[in-house]
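Here the protein sequences come in this chain order: L and F. Just so we're aligned, residue 18 is where the first sequence starts under this note's numbering, counting upward by one. Just so we're aligned, residue 18 is where the second sequence starts under this note's numbering, counting upward by one. We put the CB at the ideal spot given by N, CA and C, even for glycine. Each remark here refers to the structure printed beneath this line.
Protein chains: 2
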Amino acid sequence: MIRNTLQRRAISRVFSVDVPPLTPQEVLAAAQKDMPALGIATVYRTLKSMVESGTLTIVNLPGEASRYELTEKCHHHFFSCRACGKVSVVSKCITDFKDMVPNSFKLERHEVVLYGLCSQCNKE
Amino acid sequence: MIRNTLQRRAISRVFSVDVPPLTPQEVLAAAQKDMPALGIATVYRTLKSMVESGTLTIVNLPGEASRYELTEKCHHHFFSCRACGKVSVVSKCITDFKDMVPNSFKLERHEVVLYGLCSQCNKE
DNA sequence: ATCTCTGCAAATGTTTTGCATCAGC
DNA sequence: GCTGATGCAAAACATTTGCAGAGAT
């Protein structure tokens, strides 16, 4: 059974507005405005349970700590330059990944990371 | 200028055979068979330069440390279950991602991570 | 009253960095 | 000989966990 605590409500509230994917540290800082005594361990524990319940989704950017965002938000895709390491956001999405997994799986979300050289490094 | 040292040759050799994506620790252990005094810092520094030169590619699995593999090897895609956390390998790959980036970019590789419920957790 | 959740601090694991020394070129 | 590369140890982060006490039900 999951209890409805002040801490969990403070953390949920952070994600109720329009925010970009956040790191656990950023979630902590934002939620501490409501709950100054909040600890980082609770943030990690709460984020994990919100991922398991499907409310949040982990966003993995190459070379960065995991970020979390609302599952319902439109997803992003990334391009990572192997030379300068810069990550850019890719808007277009060509979809239909359904055929990639067996029918017994429930496909909820996909994430695409493209690798190569960005326009800057491609010139040099 | 990049020097051709014993350490770099030992690390390169690890990747010359048919191996799965390796963590830096695994690379260290394998390369130490040739070079017992090799340190982990050198492994990290060498892996980074091999990624920048395009020889190696980083493979990011959700919830695991970064792994490295030869860029020329056929790529993999992953399915990550949000409930049990298990990661499975997806064989099929359907899409063409060329249209997702501007022409000024050089697209060399893509990685797809699918999220949802695996067949086990989907039943429950 | 029970039993989960929390905060703290310590432990764990990964990756980076400072620095003196070593070795390619 | 110059200068980049190495090994070590420490530092910097990210994340998890043990535990005793607080709080939700």
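Answer with yes or no whether the minimum CB distance from residue i to chain L is below 8 Å.
i         : result
Met18(F)  : no
Glu128(F) : yes
Phe32(F)  : no
Lys109(F) : yes
For the beta strand (DSSP E) that residue i lies in, which residues bound it at each end?
i         : result
Arg84(F)  : Arg84 to Leu87
Glu128(L) : Lys123 to Leu134
Ser29(L)  : Premise fails: Ser29(L) lies in the alpha helix (DSSP H), Leu23 to Val31, not in any beta strand (DSSP E).
His94(L)  : His94 to Cys98
Thr72(F)  : Unbroken run through Thr72(F): none, as it is neither H nor E.
Ser108(L) : First-last for Ser108(L): undefined, no H or E at that position.
Relative to the alpha-carbon of residue i, which residue among the options has its alpha-carbon at the smallest distance?
i         : options                                      : result
Ala58(L)  : Val130(L), Arg25(L) and Leu134(L)            : Arg25(L)
Cys138(L) : Lys103(L), Lys109(L), Glu128(L) and Ser33(L) : Lys103(L)
His92(F)  : His127(F), Asp116(F) and Lys65(F)            : His127(F)
Ser97(F)  : Cys135(F), Asp51(F), Ile28(F) and Ser29(F)   : Cys135(F)
Ala100(L) : Ser29(F), Thr72(F), Ala46(F) and Gly133(F)   : Thr72(F)
Pro119(F) : Gln49(L), Ser105(L) and Lys115(L)            : Ser105(L)
Thr74(F)  : Ser33(F), Gly56(F) and Lys65(F)              : Lys65(F)
Thr40(F)  : Ser121(F), Leu78(F), Asp116(F) and Glu141(F) : Leu78(F)
Lys123(F) : Glu141(L), Lys123(L) and Phe122(L)           : Glu141(L)
Write down the C-beta distance between residue i and residue j rounded to the nearest angstrom, noting that I regard them as a contact closer than 8 Å.
i         : j         : result
Val76(L)  : His94(L)  : Not quite, the Cβ-Cβ distance comes to about 10 Å (not below 8 Å), so this is no contact.
Tyr132(F) : Glu125(L) : 6 Å
Asp116(L) : Lys109(F) : 7 Å
Ala48(F)  : Val31(F)  : 5 Å
In terms of residue numbering, what span does the alpha helix (DSSP H) encompassing residue i cover?
i        : result
Thr59(F) : Ile57 to Glu69
Leu39(F) : Per DSSP, Leu39(F) belongs to no alpha helix (DSSP H) and is neither H nor E.
Within this structure, are the beta carbons of residue i and residue j separated by less than 8 Å?
i        : j        : result
Val60(L) : Val36(L) : no
Glu86(F) : Pro38(F) : yes
Met67(L) : Leu23(L) : no
Ile19(F) : Thr63(F) : no
Within 8 Å (strictly less), CB to CB, does residue i reach chain F?
i         : result
Ala100(L) : yes
His94(L)  : yes
Ile28(L)  : no
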